[in-house]
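One structure is given below, encoded as structure tokens.
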Amino acid sequence: MSKSELIQKIADELSLAKKDVKAVIESLATHGYKEMKKSGEFLLPGFAKFIVVKKPATKERQGINPFTKEPTVFKAKPARKQLKVRPVKAAKDAV
């Protein structure tokens, strides 16, 4: 489902203007981004909890290819932030 299809369905269901629904969705996203940047998590009630996980940098290391048994080198990775989404119980039960 695309963003415009979602906006249309919500507008039809609640008898609201598409412009108003679009503004609410964009505002929700903006506040979610700010909250994740500030505290590292954002709860969308009844849907999911978004959590920022900080992954440390890894060094280059030696390893063995499990298929060919040849030695190989795994590249180093920089430190990064990863977003994890955990559905709430109501969302799990709905599926």
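Heads up: the sequence shown at position 18 corresponds to 3 in my numbering, and the numbers run straight through without jumps.
Virtual Cβ for every residue (Gly too), placed ideally from N, Cα, C.
1. What is the DSSP secondary structure of residue 57, counted as helix, strand or coil?
2. Could you work out which residue in 7, 48 and 53 is closest to residue 61 when comparing CA atoms only?
3. Closer than 8 Å is the cut-off here; do at least three beta carbon pairs connect the region 27 to 37 with the region -4 to 9?
4. What's the C-alpha gap between residue 25 and residue 65?
5. Can you list, in chain order, the residues of its chain with a C-beta nearer than 7 Å to that of residue 71? Leave out the 5 residues immediately preceding and following it.
6. Residue 36 bridges to which residues according to DSSP?
7. Mark residue 27 as exposed unless 16 or more other C-beta atoms lie within 10 angstroms of its C-beta, in which case mark it buried.
8. Determine which residues share a DSSP beta bridge with residue 43 and list them.
Quick answer:
1. Here the question's residue 57 lines up with position 72 in the sequence shown. Strand at residue 57.
2. The residue labelled residue 61 in the question sits at position 76 within the sequence shown. The shortest Cα separation from residue 61 among 7, 48 and 53 belongs to 48.
3. no
4. Within the sequence shown, residue 25 is the residue found at index 40, counting from 1. Within the sequence shown, residue 65 is the residue found at index 80, counting from 1. Straight-line Cα distance between these residues: approximately 13 Å.
5. Counting from 1 along the sequence shown, the entry for residue 71 is found at position 86. For residue 71, where only same-chain residues beyond five positions count, the Cβ hits under 7 Å are 33, 34 and 36.
6. For the purposes of this step, residue 36 is identified with residue 51 of the sequence shown, where counting begins at 1. Residue 36 pairs with 26 and 69.
7. Start at 1 with the first residue of the sequence shown, and residue 27 comes out as number 42. With 16 or more other Cβ atoms within 10 Å, it is buried.
8. Position 58 of the sequence shown, counted from the first residue, corresponds to residue 43. Paired residues: 62.
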